[in-house]
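Beneath this line is the structure, given in structure tokens, with notes to follow.
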Amino acid sequence: MFRDWLRAHPDDRARYEEAKRAAIPGGGHVMDYNARKEAVIREIYDRLFRAAGML
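Sequential numbering from 4 applies to the sequence shown in my numbering.
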């Protein structure tokens, strides 16, 4: 669902891309990288689930 949402919503796709690029500096483990982009991902999932009537 996430991938399909990003394909259909260019603004969210751009936000996700920016979050991924911004999360690269800082090093650490993969989980650290994931934590740095978590807020943006949660925002996108919130919109996705609301649009799908799941929230």
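Glycine is no exception: its CB is placed at the ideal position from the N, C-alpha and C atoms. Given the structure is predicted, the values throughout are model-derived calculations rather than measurements.
Backbone secondary structure at residue i - three-state DSSP
i	result
Leu51	helix
Leu9	helix
Met4	coil
Met57	coil
Beta-carbon spacing of residue i, residue j below 9 Å
i	j	result
Arg53	His12	no
Ala55	Met4	yes
Supposed close pair residue i, residue j - CB separation, criterion 8 Å
i	j	result
Ala26	Tyr36	5 Å
Ile47	Asp15	5 Å
Gly29	Arg39	6 Å
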